[in-house]
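As structure tokens, the structure follows; a few thoughts come after it.
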Amino acid sequence: MTLLAEIDRLVKRNSQFIIATHSPILLAYPNAVIYQITQDGIDTVEYEKCEHYLLTKQFLENPKKFMEYLFSE
């Protein structure tokens, strides 16, 4: 959260950032332009449609099921 606050402080002073992250928290920064890289290329994507948001959402909605899937043989 401290990083988000620092980014916001600097953006308000006209700084710009290019950030490579898997963090859905950083991706949630207001008005961020999110690029998603897939096998098909690079596209912009809305926050709630990006892979990292969806994966985190699925995990938080049902961590037990997620772990069972991960550890199944």
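Residue numbers (our numbering): 6 to 78.
Cβ atoms here follow ideal geometry from the backbone N, Cα and C, with glycine treated the same way.
Given the structure is predicted, the values throughout are model-derived calculations rather than measurements.
Which first and last residues belong to the alpha helix (DSSP H) in which glutamine 63 is found? 56 to 66
Backbone CA spacing between lysine 54 and aspartate 48 [nearest angstrom]: 12 Å
Range of the contiguous beta strand (DSSP E) that encloses threonine 43: 39 to 43
Closer than 7 Å: is that where the CB of lysine 62 sits relative to any heavy atom of the ligand MG? The model depicted lacks the ligand MG and carries no ligand whatsoever.
Among residues of its own chain, excluding the 5 on either side of histidine 57, which ones have a beta-carbon nearer than 6 Å to its beta-carbon? His27 and Pro29
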